[in-house]
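Chains as they are written, first to last, in UniProt numbering: chain Y, 1 to 128; chain G, 1 to 369.
Glycine residues also receive a C-beta, built at the ideal position from the N, C-alpha and C atoms.
Quick notes on the structure that follows.
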């Protein structure tokens, strides 16, 4: 199995931790676009989601934005520290600012996501 | 919309070098922030910030009947201000709804400058022109495209601006201004002690061509001043409960309801557009008014969210809401049924189909130290 980071076109990242478990967050590009993050309404443990479903809402000073499940599965852990320190998503989006962990059943869904190079291309195109 | 199709201020070419994140702001390409909304907000509360607000509209009203005309057009009493004095006022429809809120600058006895909201420039100009025809010898011109405006705001604004001019700025009192001032070797600047942040500060009006030079000179003058975007402008004006047209004010919301009744002079001798309706509204008692709400549960109140009672009856709507960077609370302004407007009343805000508890609090949320 691959432990490589994958990305969605909606700017979430997902990193497999084991064969059936992965950690999800939003990308550095996404946190920069949002600006100062001041509130997170996160998913709850045991929530069952399909790929593309909303997992919750991240609010910056300016606005509220949904974030989405890159793959289908059951939420098994949420980053509770974001309740008091949502700004971790700005300062450390790939580590301390992770959002949820998901238990998934269909690893092939991961294959449909973007790899790092494809994601960087997507951002570069958007900025032109 | 592609950014190429958006209107630009004369400062646009400089945004990138100062790190701006540019967004579509009502058809204008404007910086939402340069570094971070919160950092810029704190800079203005603690030291000074510089804003490009050149998108604002400016109209010149000239003629011997200019004052009479404006006293008919506007709800405040223009006859109360002297030359080099400014006044915050509203412009209403006959039914009391608001066309716009604006500043009037008395440049001379027969010459006034109106500063209007960018989103309303065309609507306002048509409205002004339509009513001007009743007054003889008036000249009205829309000079929005020739005029830039920079706002330097914060407790250190005077000190920093003073570094760049020989004019004694301490002589300019609040809501007063001086004309044809030289700053940073740029001449013919109107320097007004006004702002939209709840802090001391100045708004500087000048020709487009000189604006980039002034921007650069102000930011280079002192390490304490920070380039600020419209995101911080919004959180700053929100904490100070300064109305934003399209949110606290609209064609459906009167200045009385929006809590700016000090701009409505029902007792001024002149008749003015909206007077009858506003007088009736006042006599009957306002059915709704603008209040502050503080969230007790989790979430952030946002524009257009509904305000309800514990029983689920709708009693109002959030006009503006955000995380307050100064108070670190989640606050909103709400236009609410007067019966529920007393400070301390418990209300509920509907956030993504959930009711979140909130209480009515005093406004402005923050007052100048």
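Exposure of residue i, with buried meaning 16 or more beta-carbon neighbours within 10 Å
i                      : result
residue 94 of chain G  : exposed
residue 214 of chain G : buried
residue 82 of chain G  : exposed
residue 38 of chain Y  : buried
residue 269 of chain G : exposed
residue 43 of chain G  : buried
residue 112 of chain Y : exposed
residue 17 of chain Y  : exposed
residue 134 of chain G : exposed
residue 20 of chain G  : buried
residue 262 of chain G : exposed
residue 143 of chain G : exposed
residue 153 of chain G : buried
residue 285 of chain G : exposed
residue 1 of chain Y   : With a pLDDT of only 42 at residue 1 of chain Y, under 50, the local geometry of the prediction cannot be trusted, and no value is derived from it.
residue 156 of chain G : buried
residue 13 of chain G  : exposed
residue 4 of chain Y   : exposed
residue 141 of chain G : exposed
residue 343 of chain G : exposed
residue 32 of chain Y  : exposed
residue 12 of chain Y  : buried
residue 370 of chain G : This structure does not reach residue 370 of chain G, given that chain G is present from 1 up to 369, and the question cannot be answered.
residue 368 of chain G : exposed
residue 283 of chain G : exposed
residue 73 of chain Y  : buried
residue 22 of chain Y  : buried
residue 49 of chain Y  : buried
residue 235 of chain G : buried
Within 7 Å, strictly: CB atoms of residue i and residue j
i                      : j                      : result
residue 204 of chain G : residue 189 of chain G : yes
residue 230 of chain G : residue 96 of chain G  : no
residue 172 of chain G : residue 164 of chain G : no
residue 64 of chain G  : residue 110 of chain G : yes
residue 195 of chain G : residue 151 of chain G : yes
residue 208 of chain G : residue 136 of chain G : no
residue 243 of chain G : residue 40 of chain G  : no
residue 323 of chain G : residue 61 of chain Y  : yes
residue 371 of chain G : residue 326 of chain G : No statement about residue 371 of chain G is possible, as the shown extent of chain G runs from 1 to 369 and does not include it.
residue 289 of chain G : residue 257 of chain G : yes
residue 41 of chain Y  : residue 300 of chain G : no
residue 98 of chain G  : residue 86 of chain G  : no
residue 183 of chain G : residue 48 of chain G  : no
residue 36 of chain Y  : residue 351 of chain G : no
residue 68 of chain Y  : residue 10 of chain Y  : yes
residue 52 of chain G  : residue 11 of chain G  : yes
residue 59 of chain G  : residue 6 of chain G   : no
residue 291 of chain G : residue 360 of chain G : yes
residue 93 of chain Y  : residue 8 of chain Y   : no
residue 167 of chain G : residue 241 of chain G : no
residue 115 of chain Y : residue 75 of chain Y  : no
Expected contact under 8 Å - CB spacing of residue i and residue j to nearest Å
i                      : j                      : result
residue 221 of chain G : residue 296 of chain G : So it is not a contact: roughly 44 Å between Cβ atoms.
residue 118 of chain G : residue 56 of chain G  : 6 Å
residue 43 of chain Y  : residue 56 of chain Y  : 5 Å
residue 69 of chain G  : residue 108 of chain G : That belief does not hold up - the Cβ atoms of residue 69 of chain G and residue 108 of chain G are roughly 15 Å apart, past 8 Å.
residue 101 of chain Y : residue 77 of chain Y  : 4 Å
residue 50 of chain G  : residue 219 of chain G : 6 Å
residue 29 of chain Y  : residue 89 of chain Y  : Residue 29 of chain Y to residue 89 of chain Y, Cβ: 12 Å. No contact.
residue 307 of chain G : residue 349 of chain G : 6 Å
residue 320 of chain G : residue 333 of chain G : 5 Å
beta-carbon residue i near the ligand SAH non-hydrogen atom, thresh 6 Å
i                      : result
residue 201 of chain G : The ligand SAH is not part of the structure shown, which contains no ligands of any sort.
For the stretch 227-248 of chain G, enumerate the residues whose C-beta is nearer than 9 Å to any C-beta of chain Y, in chain order.
So the list reads 231, 232, 234 and 235, given in the order they occur along the chain.
Going along the stretch 49-61 of chain Y in order, which residues come within less than 9 Å of chain G, judged by CB to CB distance?
Against chain G - using a Cβ distance shorter than 9 Å - the residues of the stretch 49-61 of chain Y are 57, 59, 60 and 61.
With a floor of 4 residues, list each alpha helix (DSSP H) that falls wholly inside the stretch 222-264 of chain G, ordered by position along the chain.
230-239, all fully within the stretch 222-264 of chain G.
Counting only Cβ-Cβ distances shorter than 7 Å, please list the residues of the stretch 53-64 of chain G near chain Y, keeping chain order.
Of all residues in the stretch 53-64 of chain G, none places a beta-carbon less than 7 Å from a beta-carbon of chain Y.
With 7 Å as the limit, tell me which residues of the stretch 192-204 of chain G have their beta carbon closer than that to any beta carbon of chain Y; keep them in chain order.
Going along the stretch 192-204 of chain G in chain order, one finds no residue with a Cβ nearer than 7 Å to chain Y.
Check each residue of the UniProt domain "Aminomethyltransferase C-terminal" (288-365) of chain G: if its Cβ is closer than 8 Å to any Cβ of chain Y, include it; give the result in chain order.
Interface annotation for the UniProt domain "Aminomethyltransferase C-terminal" (288-365) of chain G against chain Y: 298, 299, 300, 302, 322, 323, 325, 330 and 352, criterion Cβ-Cβ distance under 8 Å.
If contact means a Cβ-Cβ distance below 8 Å, which residues of the stretch 113-128 of chain Y contact chain G?
Answer in chain order: no residues at all.
Complete alpha helix (DSSP H) runs within the stretch 95-152 of chain G (minimum length 4 residues, chain order)
Within the stretch 95-152 of chain G, the runs of alpha helix (DSSP H) that reach at least 4 residues and sit entirely inside it are, in chain order, 121-132.
Using a Cβ-Cβ cut-off of less than 8 Å, give me the residues of the stretch 11-36 of chain G that come near chain Y, in sequence order.
Of all residues in the stretch 11-36 of chain G, only 21, 32, 33 and 36 place a beta-carbon less than 8 Å from a beta-carbon of chain Y.
Can you pull out the residues from the stretch 36-48 of chain Y whose beta carbon lies closer than 8 Å to at least one beta carbon of chain G?
Hits within the stretch, in order: 36, 38, 39 and 41.
Residues of the stretch 140-156 of chain G with a CB closer than 8 Å to any CB of chain Y: list them in chain order, please.
Of all residues in the stretch 140-156 of chain G, none has a Cβ within less than 8 Å of some Cβ in chain Y.
Under 9 Å (Cβ pairs) to chain C, residues found in the stretch 163-187 of chain G
Note that chain C does not occur in the displayed structure, where the protein chains are Y and G.
Going along the chain, which unbroken runs of the alpha helix (DSSP H) with 4 or more residues stay wholly within the stretch 59-107 of chain Y?
Counting only runs that start and end inside the stretch 59-107 of chain Y, the alpha helix (DSSP H) elements of at least 4 residues fall at 88-91.
Using a Cβ-Cβ cut-off of less than 7 Å, list which residues of the stretch 63-88 of chain Y approach chain G; keep chain order.
Cβ contacts with chain G: 64.
Taking Cβ-Cβ distances below 8 Å as the criterion, which residues of the stretch 65-83 of chain G are in contact with chain Y?
Answer in chain order: no residues at all.
In the stretch 270-285 of chain G, which residues sit with their C-beta less than 9 Å from some C-beta in chain Y, listed in chain order?
Under the 9 Å Cβ criterion, the stretch 270-285 of chain G contributes no residue.
Every unbroken beta strand (DSSP E) inside the stretch 32-88 of chain G [3 residues or more]
Taken in chain order, the complete beta strand (DSSP E) segments of 3 or more residues contained in the stretch 32-88 of chain G are 48-52 and 57-62.
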